[in-house]
Amino acid sequence: NAGVTQTPKFRVLKTGQSMTLLCAQDMNHEYMYWYRQDPGMGLRLIHYSVGEGTTAKGEVPDGYNVSRLKKQNFLLGLESAAPSQTSVYFCASSIRDRPNYGYTFGSGTRLTVV
Amino acid sequence: RKEVEQDPGPFNVPEGATVAFNCTYSNSASQSFFWYRQDCRKEPKLLMSVYSSGNEDGRFTAQLNRASQYISLLIRDSKLSDSATYLCAVNSKSGGSQGNLIFGKGTKLSVKP
Numbered sequence: 403n404a405g406v407t408q409t410p411k412f413r414v415l416k417t418g419q420s421m422t423l424l425c426a427q428d429m430n431h432e433y434m435y436w437y438r439q440d441p442g443m444g445l446r447l448i449h450y451s452v453g454e455g456t457t458a459k460g461e462v463p464d465g466y467n468v469s470r471l472k473k474q475n476f477l478l479g480l481e482s483a484a485p486s487q488t489s490v491y492f493c494a495s496s497i498r499d500r501p502n503y504g505y506t507f508g509s510g511t512r513l514t515v516v
Numbered sequence: 003r004k005e006v007e008q009d010p011g012p013f014n015v016p017e018g019a020t021v022a023f024n025c026t027y028s029n030s031a032s033q034s035f036f037w038y039r040q041d042c043r044k045e046p047k048l049l050m051s052v053y054s055s056g057n058e059d060g061r062f063t064a065q066l067n068r069a070s071q072y073i074s075l076l077i078r079d080s081k082l083s084d085s086a087t088y089l090c091a092v093n094s095k096s097g098g099s100q101g102n103l104i105f106g107k108g109t110k111l112s113v114k115p
């Protein structure tokens, strides 16, 4: 059981380039999330999804887009990368109606924008 | 007041010590509370859910004080392997049927020999 898998694990982008981060979970979780983690800022929610075909904005959505075409996958897109988007990105998933189960996180994607 | 606040530390303690972390939250409607552990350059991993009656898992005890809006984590008999950053998380109830988790910035613990 792989849990939550993120690809790629590392990436260096030039300013203005685009890329897509992929998150895949095999736990049949309904809810999925994208967070970014920066030193001194903690984990901040970018976007989330409560089910296939649905997405919603979190705390820091600007500069990012997401899609949830399949229940098991949640994609995070950067259309035109900026140095301010240098961060560690974590995907997470959770079970609907089981709030006490918490979130399961992927191992993260370290993104540097130069 | 920020939604979820933690003392950033670091807490430097000797092996065998007892250490306590507190975390305050601002949304009185929050109903789910957690402690996560995050090792350096790794993802957060769920350590414990925090229940109203308090709960214990080995050397770890978590408590919830709804009146004062804080949760606590007590680690007894600290081990070197307990060195990590401890994140508290509280659900926001601002989206979806169960809300999203808001994380504190974490408290760094360093256990020394």
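Protein chains in written order, with this note's numbering: chain X, 403 to 516; chain B, 3 to 115. Glycine residues also receive a C-beta, built at the ideal position from the N, C-alpha and C atoms. Values in this document were obtained by computation on a predicted structure and should not be read as measured data.
Listed along chain B are Asn102, each with a C-beta nearer than 7 Å to that of Leu447 of chain X.
The beta carbons of Thr109 of chain B and Gly18 of chain B sit about 19 Å from each other, so the pair does not count as a contact at 8 Å. Using beta-carbon distances, Asn502 of chain X counts as an interface residue toward chain B, with a partner under 8 Å. When Cβ pairs closer than 8 Å are counted between the two stretches, the region 26-34 of chain B is seen not to touch the region 444-463 of chain X, the count staying below three.
Residues of chain B with a Cβ closer than 7 Å to the Cβ of Tyr505 of chain X are, in chain order, Leu103.
Going by beta carbons, Leu75 of chain B and Phe35 of chain B fall outside the 8 Å limit. In this structure, DSSP gives Gln487 of chain X a helical state, which the three-state scheme calls helix.
By the neighbour-count criterion, in which 16 or more other beta carbons inside 10 Å mark a residue as buried, Glu45 of chain B falls on the buried side. Between the region 78-98 of chain B and the region 422-429 of chain X, the count of C-beta pairs closer than 8 Å stays below three; the two stretches do not touch. At least 8 Å separates the CB of Gly56 of chain B from every CB of chain X. Val490 of chain X has its alpha-carbon roughly 17 Å from the corresponding atom of Gln419 of chain X.
Here Leu471 of chain X carries a coil assignment [DSSP, helix/strand/coil].
Flagged as an interface residue toward chain B: Tyr450 of chain X, by a C-beta distance shorter than 8 Å. When C-alpha distances from Phe62 of chain B are compared across B:Tyr72, B:Arg43, B:Thr20, the shortest belongs to B:Thr20. Residues of chain B whose Cβ lies closer than 8 Å to the Cβ of Tyr491 of chain X do not exist; the shortest such Cβ separation is about 11 Å. Within chain X, the C-beta atoms nearer than 8 Å to that of Asn93 of chain B come from Pro501, in chain order. For Asn14 of chain B, the secondary structure class from DSSP, reduced to helix, strand or coil, is strand. For Thr409 of chain X, the enclosing beta strand (DSSP E) stretches over residues 406-409. Below the 9 Å Cβ cutoff, chain B contributes Asn102, Leu103 as neighbours of Tyr435 of chain X, in chain order. 8 Å or more divides the Cβ of Ala494 of chain X from the Cβ of Val414 of chain X.
Between the region 496-514 of chain X and the region 42-61 of chain B, the count of C-beta pairs closer than 8 Å reaches three or more; the two stretches touch.
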